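Numbering (our numbering), first residue to last: 26 to 241. Positions of the beta carbon are idealized from the N, C-alpha and C atoms, including for glycine. Keep in mind that this is a model prediction, so the values were computed, not measured.
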Ligand code: TMP
């Protein structure tokens, strides 16, 4: 990060969860609610969140990517993240806006390193993110839902499913294990786990209370 007065920077909050956890709709709802309460807050997502990273997203989710190996996908997710940080996340934080991102580096840990079983990438993961983040410390909100329930929800949505959604329950169980493993390494004050199996209004209220307490 640049040498902006640390107190003036916005907060960076990441919503995470497996397929069908509701994180996209809940994080979008939350940004609208916070804006209506007068907070300066920007919604964004990964992969994507900047014009160039959205192009990489299209590549990653395309049918051709079904045949790409996990290391290729890892490199693409990181390239997209670098651009997203430089073009969107950091500039917003530096003018005092808070940023809420639907997915971030925790997804790479859960999907590529754990679910796609690439433990050899762990050291590279840490090195690259230490370099990219340069001291930036995200807060995480994890919407936890049993993988079978999430997958059922994801498949009943009107939007097209991706090649990740189509993997089996064992894959999505490893994704959840990967998230839990990643979050076990984050200081407690920077991670909130919400039971996303509860009624939507309850999940929304908990997400709102959590983020309000972060952004003040
Ligand atoms: P989305 O459906 O939440 O928009 O995300 C697209 C897919 O990309 C989703 O199945 C999870 C996957 N993904 C990874 O595998 N690694 C990553 O680092 C990120 C950000 C997403």
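| Query | Result |
| --- | --- |
| Which residue marks the beginning of the alpha helix (DSSP H) containing residue 52, and which one marks its end? | 48-61 |
| CB-CB under 7 Å to residue 60, same chain, minus the five flanking residues each way: which ones, in chain order? | 66 |
| Between the Cα of residue 232 and the Cα atoms of 55, 44 and 42, which residue gives the shortest distance? | 55 |
| For residue 124, which option in 133, 113, 132 and 131 has the closest C-alpha, if you only look at C-alpha atoms? | 113 |
| Straight-line CA distance for residue 111 to residue 77? | 11 Å |
| Taking only runs that begin and end inside the segment 163-194, name each unbroken beta strand (DSSP E) of 3 or more residues, in chain order. | 164-169 |
| Identify whether residue 244 lies in helix, strand or coil by the three-state DSSP scheme. | No answer is possible for residue 244: the residues shown for the chain start at 26 and end at 241. |
| The beta strand (DSSP E) with residue 40 in it runs from where to where? | 37-41 |
| Here's the rule: buried if 16 or more other CB atoms are within 10 angstroms of the residue's CB, otherwise exposed. What is residue 127? | buried |
| Contact between the segment 130-140 and the segment 194-202 is defined here as three or more beta-carbon pairs at a separation below 8 Å; is this criterion met? | yes |
| DSSP on residue 237, reduced to helix/strand/coil? | helix |
| Could you work out which residue in 57, 64 and 117 is closest to residue 239 when comparing CA atoms only? | 64 |
| With a threshold of 8 Å, establish whether the CB of residue 246 neighbours any heavy atom of the ligand TMP. | Because the chain in this structure spans residues 26 to 241, residue 246 falls outside the shown range and cannot be described. |
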